[in-house]
Amino acid sequence: VKEQGRDAIQFFNKYMADKARNVLVMEGDLHRALEMEAFSLQFQPRVNVLTGEIVGAEALLRWNHPERGAVSPAVFIPVLETSGLIVDVGMWVIERSLQQVKEWQRMGLWTRNMRLGVNISPRQFRSSQFVDDVKRALRDIEFSAEMLEMEITEGIVIHNLEETINTMTTLQTQGINFALDDFGTGYSSISYLKKLPVSILKIDQSFVRDITVDRNDRVLVETISAMGNMLGLEVVAEGVETQDQLELISQYGCRYYQGYLASRPVDPNAFELMLEKKVIA
Ligand code: C2E
Ligand code: CA
Ligand code: CA
Ligand code: CA
């Protein structure tokens, strides 16, 4: 038994060592990715539940590894975050997506009432240059701040609530909107909703997934929608995949949705075709 325990520990240590090495290798690959233009963006439409109109888009980062192909953001975003690379890559996401939307605006496909959602990680948000870099990007690209929405999670406040509120307020003064992403999955979502200057609430897809079969999830989605509406927030349901789910969230007063039912995240060219049609059939 003792022998086995030692083996298990050895195995564990070896695994950890490999894992640490893997992370280092990935970090190196990610470092090179910016120069090699291995990052790209996809866009997913946000849709008005009642009219099917496209009201905006969420930009989602993609990494095409030279040997391993497409790597899931669930794998590489945490590595970007812990290594601090997210500061540069995140800025690239902001600049690239703003330029893309600006182009659609010039083509007459994007109107000023539409919104671009960009995911902002905690490390990126806390970096000292963040506010200045965002301001500069808005100015350089001549992008109207009202069209920009930063999607944050409550992980952003782990360190310092006061500082978080200050940074958010500064950006909000510029015209930028904030969405609380993955709402309901954290420990204190409701408390942050009260404290942070957010105007959009995104109901996490884990609540939407089983909405047609799970009564508890139905109650949660209905309650969150009602609360959001009463607080004057825009409520967006994430991960809507079926017509039945759409009908339920509609009944519950949720006005916007994203999900495979409307479209998966797609490359800019495919998104452009959707914008030309204006509505999701
Ligand atoms: P998120 O911000 O919650 O983004 C929504 C995720 O759900 C995306 O996964 C999207 O492709 C997926 N999704 C959309 N509709 C459906 C649906 O109907 N069903 C299902 N099952 N999934 C759906 P993705 O693109 O793999 O991104 C995963 C996460 O990685 C994001 O979650 C976000 O936290 C992070 N991420 C992605 N891009 C960025 C970025 O540019 N910066 C930062 N900081 N994080 C990012
Ligand atoms: Ca998001
Ligand atoms: Ca989300
Ligand atoms: Ca998420």
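Residue numbers (our numbering): 687 to 967.
Backbone N, C-alpha and C define an ideal beta-carbon position, used for all residues, glycine too.
This one's a predicted model, so the numbers in the text were calculated from it and none came from an experiment.
- Nearest C-alpha to Asn708 among Ile740, Ala743 and Val761: Val761.
- By the criterion of a C-beta distance shorter than 7 Å, Met960 is surrounded in its chain by Pro731, Ile740 and Ser949, once the five residues flanking it on both sides are discounted.
- In chain order, Thr839, Glu840, Gly841 and Tyr878 place their CB closer than 8 Å to the CB of Gly872, counting only its own chain and leaving out the 5 sequence neighbours on each side.
- Close to ligand 2, as judged by a C-beta nearer than 7 Å to any of its heavy atoms, are the residues Glu744, Gly803, Asn805, Glu837, Asp867 and Lys888, in chain order.
- In the structure shown, Gln728 falls within a strand segment according to DSSP collapsed to helix, strand and coil.
- The nearest non-hydrogen atom of ligand 3 is less than 7 Å from the C-beta of Glu924.
- Asp890 has its Cβ nearer than 7 Å to a heavy atom of ligand 3.
- Looking at Ile935, Ser830 and Lys881, the one whose alpha-carbon comes closest to that of Met854 is Lys881.
- Taking 8 Å as the cut-off, the Cβ atoms of Leu771 and His845 do not count as close.
- Residue pairing for Phe869: DSSP places it in a beta bridge opposite Ile889.
- Note on Tyr946: under 16 other CB atoms within 10 angstroms of its CB, so exposed under the neighbour-count rule.
- Taking all protein chains shown into account, Arg825 has fewer than 16 neighbouring C-beta atoms within 10 Å of its C-beta and is therefore exposed.
- In this structure, Leu917 has its CB at a distance of at least 7 Å from all heavy atoms of ligand 1.
- At a Cβ-Cβ threshold of 8 Å, Ala923 and Ile876 do not count as neighbours.
- A direct Cα-to-Cα measurement between Met777 and Leu847 gives close to 23 Å.
- Relative to ligand 1, the nearest heavy atom lies less than 7 Å away from the CB of Glu927.
- Taking 7 Å as the cut-off, the C-beta of Ala956 does not count as close to any heavy atom of ligand 1.
- Our two residues, Gly742 and Gln891, have alpha carbons roughly 18 Å apart in a direct line.
- Nearest in C-alpha terms to Ser911, of all of Tyr938, Pro954, Thr797 and Leu934, is Tyr938.
- For Gly803, the beta-bridge partners assigned by DSSP are Glu744 and Glu835.
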